[in-house]
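Per the working numbering: the sequence shown = residues 47 to 882. Ideal placement from N, C-alpha and C gives every residue a C-beta, glycine not left out. On a predicted model such as this, the values are computed, not experimentally measured, just so you know. Reviewing the structure listed below.
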Amino acid sequence: MKSHARVVVIGGGVVGVSTLYHLARKGWADVVLLERKELTSGSTWHAAGLLPLFNLSYSVGQIHKYSVALYKTLEAETGQNVGFSVCSNIRLARTRDRWDEYMYYAGVARTIGVDVNVLTPDEVKAIWPLCETDGIIGAIQHPDDGYIQPADLTQALAKGARSRGAEIHRSTAVTGIARRPGGEWLVRTDKGDIVAEHVVSATGNFARQTGAMVGLDVPVMPVEHQYIVTEPHPAILERRHRGLPEMGVLRESDSSWYMREEAGGLLLGPYEKGAPACYVDGPSADSEYELFQEDLERLMPHIETAIARVPAFGEVGIKKVYNGAIAYTPDGSPIVGPAWGLRNFWLNEGHSFGVTAAGGAGWQLAEWIVEGEPSIDMLGVDPRRFGPYASRGYLKAKNEEAYANVFTPHYPDEERAAGRPLKTAPCYDRMKALGAVFGSVYGWERPNWFAPEGYGIDVASIEKPDVLLNHNHPQPDADGRVKEIWSFRRSNHFEHVGNEVRNVASGVGLQDMSAFAKCYVSGPGAEAWLDGLMANRVPKAVGRIHLCHLLTVRGGVRSEFTVYRTGPESFYLVSAGALERHDHDVLAKALPGDGSVQLRPVTTEWGVLVLAGPRSRDVLQKLTSADLSNAAFPWLTGKRIDIGHAQAHALRVNFVGELGWELHHRIETQNAVFDLLMEAGREYGIRPFGIRAMMSMAIEKSYRLVGRELSIEYSAYESGLDRFVHPNKGDFLGRDALVRAHAEGDSWRFVTMEIDGVTDADARGSEPLWAGDDLVGRATNGGFGWRTGKSLALGMVRPEFGEVGTELEIQILGERRRATVIPESPYDPGNARLRA
Ligand SMILES: Cc1cc2nc3c(=O)[nH]c(=O)nc-3n(C[C@H](O)[C@H](O)[C@H](O)COP(=O)(O)OP(=O)(O)OC[C@H]3O[C@@H](n4cnc5c(N)ncnc54)[C@H](O)[C@@H]3O)c2cc1C
């Protein structure tokens, strides 16, 4: 084994080998893979090999699409057959909610460029004659996917990597990793040491152990997953004999299982409730090709539904049950990208559909390492989307829940219960007493909306379709009632959110936004450093606030910060709560090495209460000696003010487009501030409002969000951030690429659209936008605007379709509606209310 390499990849499963392959394909031949046992001896060897393209996440969808395309080319490239059976995937629907999910997905798939067919029950029967179709309302089919032999795939990727100069060392266990004084990594193995510029951890079920070697608490923990293989069935053998095509992969989503042909028999893979986390403290040192004892009792409900759907399954004996470890993260998506806090340490872990994802994840990670950026927006799989709250116990609860929910409908308004509440702001109990229905982001409990006093829906009254999984509401309270029903359409909370908006727009509302990510940037070099990072000018005067974007080297948008100057050498930065670890890691890694700038994360030191609405000044003025008049306290400024016997930094900004202040206060004083505001606001009808009301109002203001219309895939100009980009202020990260791309012509344009004909389903983002039969863009956000009375969507379209007045069509849950491009900020375009 050589003593130096540019990259060391740890782990010889399909994911590690694909990463190695793609690094070599990018021209980095000096790359080495270390595998403690044999290639594929972790989870890869026993995978069922299914390649489901289906995924509601834009990032993961792109990754899967790339994989399926790549795998079809590998045999020609390497001479190694990968056993890819392109037999298609059929997903059955038995309920309207399921159909809505499929129709939403079909739209996402169109925007990614994945083909989806819609099948009638008769068409299903024609393809899958052994499948009974009673109760089926329809199906969707991916004609281009199927299943593959995971071990053969891995070997083909290994061959392709080796032929480009990469080395693979089997029976070589990494035992420790240390940083050398020069910054390189020293990778210790039981066969000697190797020094590397970059290290990639692709160690499957060992992810937490590998992470511990460098002090990372990696948010991955596997769960047991089983599948059953039957003896051959005469009807299938007969089909083979007659040369009929394979029946394809069948998924009965409402009973939570997949099925395909296997060697003349059938293979059934259920996602069961109650499947336990495994390898909670990692596999043992000698773990290799390991399987667990099967648990047939857990499988029984699925076996019964499988027999009802495919009677042939019950007519043959069980040949073998596989029960293996499948890596999970709390949201079920993998973690692919840079490790937080460590330079040149990369993670490609937590893959629960690793055979499907390996190609795309290896491709994008290699791009990130070699070129400094991926080309796909990877926020949905970024390792930094979880924080330090994702502890061992949290992972156990959340990952078991993620596994059990693989096949439940993925409602946009669903909020899962496991591991909650975990992080609560001090005002949590007060909000709860006021009717808050909470959601969870980055471990924080945040009010989504507020139910009226005594409000509840009797669970017994909710229609229950006859399916194994019925998950359209949270667990009922002790009185057998729930506060919300989840849906792809407007649901019971719709009108209550409307009331919250009306109250903000006509009076005053109070919102808890303590989950915001916050940090101080200070020191003699702080201003110059921030100026070199941000596309906007950083505020010159103490007390000024600017919205600033940190771009990628290619001019895309990586992060957005509200920058508030608190002193000559001090700035307070606020960004999205969900992106705390991401944003702070990006800043920390960009810090100059000379100590002239300090970064101090303060998220949990400062709470945030947002007071918004035309009466907010009246409320706050009752409590403070500070002059809140427009002249003394204009929009986009902040100052420290007293609030009764408490105090806060009052920032005259908000995300709802009304007069208002964000009150950043010491978190331990939150309840004092809260009570003072509620009391002072009583005469003005103050009421709390939640995230859903905020989102409705933000869309009416055409406010952009990172992960939606702000993305590394769109340049800052394409996202319409012109007024926040100052190419003439001097150099900043991404400037040259941004200016060049803009001069050459933008590929996208940000638009606001009014949707006609909506009855009960607004856009929510990722819907295709059509001009006739041409796909010209995608929606990035959407919802009903209560102040404008319009169903609205934001989106990115080809520039020629971005003119105001252009009539497009948007495909919402399978139906096309007219979408007219309208001027930005349909509510108060001149910002008169913000400046009031
Ligand atoms: C029953 C079952 C069925 C499945 N079916 C499917 C399916 O149909 N489709 C699909 O896409 N996915 C499926 N999966 C999931 C799939 O198996 C995994 O997502 C995938 O194999 C993960 O690959 P990996 O490379 O990340 O991990 P692994 O294959 O586990 O590889 C990690 C490797 O790292 C090595 N390693 C760990 N630590 C070290 C160290 N310190 N030094 C050196 N080497 C180390 C290990 O020995 C191991 O070989 C299934 C899983 C199970 C359990």
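Candidates the options: which alpha carbon is nearest residue i's?
i      : options                           : result
Ile214 : Ser761, Thr65 and Asn135          : Thr65
Glu813 : Thr179, Gly828, Asp806 and Gly803 : Gly828
Asn369 : Asn390, Pro384 and Phe338         : Phe338
Gly315 : Phe252, His271 and Glu461         : His271
Leu41  : Val804, Met47, Val513 and Met346  : For the chain, the structure presents residues 47 to 882; residue 41 sits outside this window and is missing.
Leu262 : Cys473, Leu388, Glu178 and Thr124 : Leu388
Gln557 : Glu318, Phe735 and Leu596         : Phe735
Gln716 : Leu411, Pro773 and Tyr474         : Tyr474
Gly589 : Val487, Tyr618 and Asn582         : Tyr618
Glu755 : Leu709, Met842 and Ile689         : Met842
Cys324 : Lys442, Lys365, Ser333 and Ile353 : Lys442
Ser330 : Pro472, Arg82 and Ser757          : Arg82
Leu425 : Ile381, Asn445 and Glu461         : Ile381
Ile158 : Ala122, Leu99 and Arg879          : Leu99
Glu615 : Val643, Val452 and Ala677         : Val643
Ile415 : Asn390, Gly396 and Val427         : Asn390
Val230 : Lys237, Val241 and Asp236         : Note that residue 230 corresponds to Glu in the displayed sequence, not to Val. Ranking the options by Cα distance to Glu230, first place goes to Val241.
Taking the continuous alpha helix (DSSP H) assigned at residue i, which residues delimit it?
i      : result
Gln339 : It is not in any alpha helix (DSSP H) - Gln339 carries neither H nor E in the DSSP assignment.
Trp74  : Where Trp74 is concerned, there is no enclosing alpha helix (DSSP H), given that its DSSP letter is neither H nor E.
His542 : Phe540 to Ser552
Ala634 : Glu626 to Ala636
Ala258 : Ala253 to Met259
Trp575 : Ala572 to Leu579
Arg781 : Arg781 to Glu790
Asn717 : Gln716 to Gly727
His772 : Looking at the DSSP string, His772 is not in any alpha helix (DSSP H), and its letter there is neither H nor E.
Glu395 : Run containing Glu395: none in the alpha helix (DSSP H); it sits in the beta strand (DSSP E), Phe391 to Glu395.
Rounded to the nearest angstrom, what separates residue i and residue j at their Cα positions?
i      : j      : result
Trp495 : Val132 : 46 Å
Tyr273 : Ser398 : 14 Å
Arg52  : Gly73  : 11 Å
Glu541 : Ala739 : 10 Å
Leu296 : Ala506 : 32 Å
Asp327 : Gly257 : 12 Å
Ser113 : Arg862 : 30 Å
Ala572 : Asp640 : 12 Å
His772 : Leu579 : 12 Å
Ile173 : Gly320 : 33 Å
Val260 : Arg225 : 9 Å
Glu298 : Gly57  : 33 Å
His788 : Trp794 : 10 Å
Asp820 : Tyr104 : 20 Å
Leu705 : Gly601 : 33 Å
Glu243 : Ser765 : 35 Å
Val233 : Val77  : 13 Å
Ala122 : Thr141 : 42 Å
Glu499 : Gly481 : 6 Å
Ala677 : Ala817 : 47 Å
Met477 : Arg492 : 9 Å
Output the boundary residues of the beta strand (DSSP E) element that contains residue i.
i      : result
Val246 : Gly238 to Ser247
Pro647 : Gln644 to Pro647
Phe496 : Trp490 to Phe496
Lys564 : Ala563 to Ser568
Asp558 : Gly555 to Asp558
Ser605 : Val603 to Gly613
Arg824 : Asp820 to Gly831
Asp688 : Gly684 to Ile689
His711 : Gly706 to Arg712
Give me the Cβ distance between residue i and residue j, rounded to the nearest whole Å; I'm assuming they're in contact under 8 Å.
i      : j      : result
Val554 : Ser379 : Not quite, the Cβ-Cβ distance comes to about 39 Å (not below 8 Å), so this is no contact.
Leu165 : Ala152 : Not really, about 12 Å apart at Cβ, beyond 8 Å.
Ala248 : Gly95  : Contact flag wrong, Cβ pair sits at about 19 Å.
Phe778 : Asp577 : 7 Å
Lys469 : Tyr435 : 6 Å
Val797 : Val603 : Actually they do not touch by this definition, with Cβ atoms about 17 Å apart.
Leu840 : Pro872 : At roughly 11 Å, the Cβ-Cβ gap does not stay under 8 Å, so Leu840 and Pro872 are not in contact.
Asn251 : Ala373 : 6 Å
His279 : Leu313 : His279 to Leu313, Cβ: 12 Å. No contact.
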